[in-house]
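First comes the structure, then the notes that go with it.
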Amino acid sequence: FTTVEGKGGYVSALKEGYIQAEVKASAAKRDMNIATRREILLGTNQYPNFSEKADKDITLDVVTRGAGAAKSNNPIVEPIEKYRGAQAFESLRFATETSGKTPKAFMLTFGNLAFCRARAQFASNFFAVAGFGVTDNTRFATIEEGVKAALEANADIVVACSSDDEYAQAVPEINKLLSGKAILVVAGEPACKADLEAQGINNFISVKSNVLDTLKQYQKQLGI
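Going from the sequence shown to this note's numbering is simple: count from 1 and add 921.
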């Protein structure tokens, strides 16, 4: 308030571009919080409805709600862009739904039951945010059984879900068994991450992930 007053009032601050800059900074901060799920938008960036589909008459401009609307050729001041926090995630899911593809994310659960179930639930919600199909599983007796089931399901993404202790040995074996037939993702940030990366295993999702950027990356890999 005092800063605006010091600039001669709201109108002067608006003409100077100060108000617009503050709005942009606030929007950028909120964007990052939503992208990383520090701010939860229920049903959008967390706990999505897995089976929900957009109505067939919905178009991208409806999803973005005029964020790119036409501007005056001779504005008196710099316009303030329209903004909704959910826009980016809604556009992400809309891109999947209108791509003609339904990527399949398969939860390869094994080992410690508590860890594999918790991480499978986390990963299922993670990929459903982008409108990916999700196949959850209780727990496979062996990783060989899990990989076989994933390949038979024509999974595009296979998510290793277990405890950190079991990843060091199991994940390289899963990677070998998949033979590049699906994208291997590890649920969590295990202590052995650097060792796994040294073996060419580079996909990890966790509470530290930028959910939006990560899902866009997988969309790109899958041709969406």
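From the three backbone atoms N, C-alpha and C, an ideal C-beta is built for every residue, glycine too.
Item, Value
"Can you have a look at arginine 959 and say buried or exposed, based on whether 16 or more other CB atoms are within 10 angstroms of its CB?", "exposed"
"Going by alpha carbons, who is nearest to alanine 1108 out of Gly1052, Asn1046 and Phe1053?", "Asn1046"
"Assuming leucine 1098 contacts glutamate 1073 under a Cβ cut-off of 8 Å, what Cβ separation, rounded to an integer in Å, is found between them?", "Not quite, the Cβ-Cβ distance comes to about 13 Å (not below 8 Å), so this is no contact."
"Determine the contact status of phenylalanine 1010 and alanine 1026, defining contact as a CB-CB distance below 9 Å.", "no"
"Answer yes or no: do alanine 1081 and isoleucine 1104 have a C-beta to C-beta separation smaller than 9 Å?", "no"
"Does the Cβ-Cβ distance between valine 1132 and valine 1050 come in under 9 Å?", "yes"
"What residue range does the alpha helix (DSSP H) around leucine 963 cover?", "Segment: none, leucine 963 is in no alpha helix (DSSP H) and carries neither H nor E."
"Helix, strand or coil for alanine 1026? Go by DSSP, reduced to three states.", "strand"
"Please list the segments of the alpha helix (DSSP H) lying wholly inside the segment 1097-1121, counting only runs of 4 or more residues, in order along the chain.", "1114-1119"
"Alpha helix (DSSP H) containing glycine 1067: first to last residue?", "1064-1073"
"Roughly how many angstroms separate the alpha carbons of serine 1083 and asparagine 1033, rounded to a whole number?", "6 Å"
"Using the C-alpha atoms, what's the distance from lysine 977 back to asparagine 1124?", "33 Å"
"Alpha carbon to alpha carbon, what distance is there between alanine 975 and serine 1012?", "11 Å"
"Between Asp1086, Ser1020 and Gly1067, which lies nearest to methionine 1028 when the distance is taken from Cα to Cα?", "Gly1067"
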